[in-house]
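The structure appears right after this line, and notes come after that.
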Ligand SMILES: Nc1ncnc2c1ncn2[C@@H]1O[C@H](COP(=O)(O)OP(=O)(O)OP(=O)(O)O)[C@@H](O)[C@H]1O
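Listed below in structure tokens is the structure:
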């Protein structure tokens with residue numbers, strides 16, 4: 001049985017069709033990225049999956065349940081985090097929010113305490129347990145939200161923009177935690193994001209939605225093959241230099257400051273960042289090197305173009 005299944009799902013608002021005959025299935029244990037431009041219909045889909053919004057037509061099954069008929073049944077088996085909205089009690093210390101949620105889910109007190117301890121340890125939240133949620137930093141709050149959503153060990157975790165606004169380190173910690181959670185428990189993951197790094201590090205499948213319709217459904221390599229697997233290497237040289245043309249499998253995109261900083265696009269299927277670096281550093285002193293992640297808006301635009309909607 002699929003853990004998420006929609007068939008011909010439609011949701012209309014007054015003047016907008018937010019979700020337009022969407023048919024998709026997510027299998028247990030998958031980690032699926034759900035991406036699209038602003039207003040493409042991602043949040044509306046998630047709201048229908050969790051019983052917050054009623055479909056105009058079509059069917060939804062989440063863990064085999066119709067969320068409109070049994071929202072509580074879905075809530076027992078699914079954890080949801082909306083990046084912009086909190087499920088925690090703003091003025092209460094974090095510890096108390098976890099306690100209330102454990103009671104709402106009617107968890108066995110010993111099991112709830114063990115699970116809370118484990119999540120607090122893994123998410124490094126120990127020092128914040130006595131802090132009111134309103135005083136947490138954004139990164140701390142997001143980790144607390146994820147702990148709260150996982151307290152009842154759901155089979156499916158739905159995350160709407162989990163890393164929005166987080167600094168690089170907080171993003172990295174959150175992603176590492178989610179990878180570990182999935183490995184240990186086989187939790188199915190569905191996440192929306194505007195960050196390609198989330199997709200690359202967390203997901204083995206990507207769904208792209210465009211005007212409420214599915215524009216792409218495939219693996220990450222499949223996505224790269226559709227939009228081109230170009231990655232960007234930013235190389236800071238020790239000395240000004242002529243343009244770095246002729247490096248195998250790369251294209252020079254930009255050269256700044258008399259050649260001190262050069263941007264090379266490379267085809268990730270034909271070469272590696274290490275091979276490009278080896279080639280350049282055999283000929284020039286290299287001071288620093290960064291790899292730029294592809295911009296998700298750009299990836300989405302190219303998918304839309306490839307699917308004929310431009
Ligand atoms: N409550 C509402 N009333 C009217 N229109 C709505 C409502 N919620 C969403 N919409 C419209 O439905 C469309 C899809 O919105 P939705 O929030 O699902 O997109 P999204 O893909 O999640 O976008 P974003 O990435 O900006 O969060 C948009 O055109 C939006 O304006």
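In UniProt numbering, the protein residues as written are 1 to 310.
Ideal Cβ positions, reconstructed from N, Cα and C, are used throughout, including at glycine.
Taking DSSP as the reference, what is the three-state secondary structure of residue i?
i           : result
residue 268 : coil
residue 48  : helix
residue 142 : helix
residue 213 : strand
residue 253 : strand
residue 99  : helix
residue 282 : coil
residue 230 : strand
residue 240 : coil
residue 126 : helix
residue 54  : coil
residue 168 : helix
residue 310 : Residue confidence for residue 310 is low, a pLDDT of 46 falling below 50, so the modelled location carries little weight; the figure read from the coordinates is stated next. Correct three-state label for residue 310: coil.
residue 70  : coil
residue 321 : Because the chain in this structure spans residues 1 to 310, residue 321 falls outside the shown range and cannot be described.
residue 151 : coil
residue 39  : coil
residue 88  : coil
residue 106 : coil
residue 186 : coil
residue 163 : coil
Count the other CB atoms, across all protein chains shown, that sit within 10 Å of the CB of residue i; report buried if there are 16 or more and exposed otherwise.
i           : result
residue 18  : buried
residue 254 : exposed
residue 283 : exposed
residue 144 : buried
residue 97  : buried
residue 168 : exposed
residue 140 : buried
residue 7   : exposed
residue 134 : exposed
residue 62  : buried
residue 1   : exposed
residue 292 : exposed
residue 298 : exposed
residue 312 : Absent from the model: residue 312. The displayed extent of the chain is 1 to 310, so no value can be given.
residue 294 : buried
Would you say residue i reaches chain C, if we count a Cβ-Cβ gap shorter than 8 Å as a contact?
i          : result
residue 15 : Among the chains of the structure shown, chain C does not appear; only one protein chain is present.
With DSSP as the reference, identify every bridge partner of residue i, one or two as the case may be.
i           : result
residue 65  : 62
residue 34  : 192 and 207
residue 218 : 206
residue 235 : 262 and 289
residue 5   : 25 and 61
residue 79  : 157
residue 276 : Per DSSP, none; premise fails for residue 276.
residue 295 : Partner(s): none; residue 295 has no beta bridge.
residue 19  : 11
residue 314 : The displayed coordinates of the chain run from 1 to 310. Any statement about residue 314 would go beyond what the structure contains.
Touch test, the stretch 240-249 against the stretch 62-78, Cβ-Cβ under 8 Å, three pairs minimum: Contact between the stretch 240-249 and the stretch 62-78 is absent, because fewer than three Cβ pairs lie under 8 Å.
At least 3 beta-carbon pairs within less than 8 Å: the stretch 250-265 vs the stretch 215-222: Look at the beta carbons and you see the stretch 250-265 not touching the stretch 215-222: under three pairs across the two are nearer than 8 Å.
Segment contact, 8 Å Cβ cut-off, at least three pairs: the stretch 114-124 with the stretch 168-184: Touching, yes, given that three or more Cβ pairs across the two stretches are closer than 8 Å.
Inter-stretch contact at 8 Å, needing at least 3 Cβ pairs: the stretch 75-91 / the stretch 110-120: No, the stretch 75-91 does not touch the stretch 110-120.
Segment contact flag, the stretch 9-26 with the stretch 42-58, C-beta cutoff 8 Å, min 3 pairs: Cβ pair count under 8 Å is three or more, so yes.
Meets three-Cβ-pair contact criterion under 8 Å: the stretch 199-209 and the stretch 16-36: By the Cβ test, the stretch 199-209 is in contact with the stretch 16-36, since at least three Cβ pairs between them sit closer than 8 Å.
Cβ contact (3+ pairs, closer than 8 Å) linking the stretch 153-161 and the stretch 192-201: Short answer: they touch.
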